[in-house]
Ligand SMILES: [Zn+2]
Ligand SMILES: [Zn+2]
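Numbering (my numbering), first residue to last: 127 to 357.
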């Protein structure tokens, strides 16, 4: 665009887009007679973006070289930023993990390989402290293993405890006293899905007896008194 520099008291015309803009809209440049760039910040950044797209490899190489040369300084800046913005840093980490599940899994695998005993101990502690979640994770994992979708509410065990009043579905066993299993009413093997509506809590004995039977078949066997029902 063919426009001459043109000034008012508060601004000048951008030689790129031709618009009259306030001085603040222009970046500083000491080499210019007025101390400002001839094109406005908006035009400049547009051009920079365009250049970047058209010369991506060259730009990347330049950035990588710069980053390599300034690694320590950059790391210090990053440390300082993290120290000053712990919540933002944490939120960023969570967002990143959500968007990069493969990388998270790969790192977890590396950590496991590096220190298997520590990993096992962490697993044991988690299972000890989170028995409900442990059962939920197990059923979700079983679903994934057969390439089925499996997602349960995190409080499904508490809900079922309330709904079943703490009792096994098939026998009078008090699930607060014995261990409980999180069971698929319709077994995975018979096409049952891993979702809240298909789950129930059973005492270990009923669960082992039920195994992969159709729920109607098992209920019938139970009602015929095939097994004594006392837990
Ligand atoms: Zn402009
Ligand atoms: Zn039972």
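C-beta atoms are modelled at their ideal positions from N, C-alpha and C, and glycine is treated no differently.
For residue 309, the uninterrupted beta strand (DSSP E) run begins and ends at 307-310, by DSSP. Beta-bridge analysis with DSSP links residue 203 to no other residue.
For residue 320, the three-state secondary structure derived from DSSP is strand. Short of 6 Å from the beta carbon of residue 267, and not among the five residues preceding or following it, lies no beta carbon of its own chain.
At least one heavy atom of ligand 1 is found less than 7 Å from the C-beta of residue 142. Annotated three-state conformation of residue 249 is helix, per DSSP. Per DSSP, the beta-bridge partners of residue 133 are 138. DSSP, reduced to helix, strand and coil, places residue 327 within a strand of the structure shown. Just measuring C-alpha positions, the residue of 307, 321, 260 sitting nearest residue 331 is 307. Put simply, the region 317-337 touches the region 269-284. At least three CB pairs are less than 8 Å apart. Per the C-alpha coordinates, the member of 186, 157, 316, 350 positioned closest to residue 337 is 316. A distance below 7 Å between beta-carbons, with the five flanking residues on each side excluded, links residue 341 to the following residues of its chain, in chain order: 311, 312.
It is roughly 8 Å from the alpha-carbon of residue 327 to the alpha-carbon of residue 290.
By the neighbour-count definition (other C-beta atoms within 10 Å, threshold 16), residue 282 is a buried residue. In this chain, the alpha helix (DSSP H) harbouring residue 212 covers 212-225. In the three-state reduction of the DSSP assignment, residue 162 falls in the strand class, which pools E and B.
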